[in-house]
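Reviewing the structure listed below.
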Ligand code: C2E
Ligand code: CA
Ligand code: CA
Ligand code: CA
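Residue numbers (UniProt numbering): 474 to 751.
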């Protein structure tokens, strides 16, 4: 399957063994070519509001449509992109595709927010906020329809710089979410300082919260924390109905996970959304 097809993408900095070196150069060339030739595509995973069953938005997840390896998942090339300084370009391509799709959905009467993931290097680019604002205008997408996700780990690595860039993005009306919440070097200080809209609780705490009492305790107290800070809690990795039932009882706001839908190409998601409508 596609998941196993990207073992050739290797990131090593030590050892400098000939074979490994050659392999890395090859795949780096391939990735550059892939970026040049538009081989990156997006799949979209819906987010459901538990109380209403409505789908207010989707998350865009990048895949590499590799000419010989097939579909390569992010774990197979994002580390290389980051290592090679290509994340800036990659993110701009992802943003363009996500906003183009968002505009198409809006034109078709589907009022969806689209969430795009940012990486550490994006937050080092002081031009990012003005680029994003310009891209929104070009595509005619209102800022509130764009959600940007930043992992807690990235946020903590460079809190001061991140806070500046994120505050600027938020000032233009874009929504921000903390991703993989609970897995980073958690500090409540940034929650206190940062104007964030959503907390996305990592699936490590969600997937088994129907059977694991410690996970359950973490979910319940994180819902309370989010609500006390006027944030919404999004639970990731919901894989079955009993987990969804618990999350509903505990007043969680939104869910994302295989139980609802796997990430899928935009046209298939559009069909899925239309079939859900009453
Ligand atoms: P993430 O942002 O935490 O995205 C959620 C990941 O969990 C996705 O994996 C998704 O397919 C998977 N997932 C969703 N529901 C379930 C579930 O019920 N169970 C399980 N086991 N997994 C589920 P994916 O697409 O392989 O992406 C992996 C990571 O790569 C993402 O984690 C994100 O950190 C990164 N990523 C993906 N697209 C982009 C992008 O465009 N830019 C950047 N910077 N990072 C991206
Ligand atoms: Ca994410
Ligand atoms: Ca996540
Ligand atoms: Ca993750």
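For glycine and all other residues, C-beta sits at the position ideal for the given N, C-alpha and C. Please read all numbers here as calculations on a predicted model, not as lab measurements.
At the level of alpha carbons, what is the spacing between residue i and residue j?
i: residue 579; j: residue 599; result: 30 Å
i: residue 461; j: residue 541; result: No information on residue 461 is available, as it lies outside the stretch 474 to 751 that the chain covers here.
i: residue 646; j: residue 711; result: 29 Å
i: residue 437; j: residue 519; result: Since the first residue shown for the chain is 474 and the last is 751, residue 437 is missing from the structure and cannot be characterised.
i: residue 639; j: residue 596; result: 8 Å
i: residue 610; j: residue 576; result: 11 Å
i: residue 630; j: residue 557; result: 19 Å
i: residue 663; j: residue 700; result: 16 Å
i: residue 650; j: residue 714; result: 25 Å
i: residue 528; j: residue 684; result: 27 Å
i: residue 622; j: residue 584; result: 19 Å
i: residue 546; j: residue 735; result: 13 Å
i: residue 724; j: residue 648; result: 21 Å
i: residue 690; j: residue 668; result: 26 Å
i: residue 476; j: residue 601; result: Confidence at residue 476 is low in this model, with a pLDDT of 41, below 50, so the placement of that residue is unreliable and no value is reported for it.
Name the one or two DSSP bridge partners that residue i has.
i: residue 624; result: 652
i: residue 728; result: 521, 708
i: residue 513; result: 537
i: residue 671; result: 650, 705
i: residue 430; result: This structure cannot speak to residue 430, because the chain is shown only from 474 to 751.
Taking Cβ positions, are residue i and residue j nearer each other than 9 Å?
i: residue 653; j: residue 626; result: yes
i: residue 574; j: residue 513; result: no
i: residue 720; j: residue 692; result: yes
i: residue 709; j: residue 679; result: yes
i: residue 594; j: residue 561; result: yes
i: residue 618; j: residue 628; result: no
i: residue 508; j: residue 559; result: yes
i: residue 620; j: residue 675; result: no
i: residue 695; j: residue 657; result: no
i: residue 729; j: residue 521; result: yes
i: residue 533; j: residue 588; result: yes
i: residue 554; j: residue 515; result: no
i: residue 726; j: residue 706; result: yes
i: residue 605; j: residue 563; result: no
i: residue 644; j: residue 743; result: no
- Could you give the uninterrupted runs of the beta strand (DSSP E) lying entirely in the stretch 523-595, keeping only those of 3 residues or more? If you keep only unbroken beta strand (DSSP E) runs of at least 3 residues inside the stretch 523-595, you get 530-539, 543-545, 586-590.
- Message: Give the residues whose C-beta lies closer than 5 Å to at least one heavy atom of ligand 1, in chain order.
- Response: Taking each Cβ in turn, the ones that pass are 534, 535, 546, 547, 567, 590, 592, 710, 712, 730, 731, 736.
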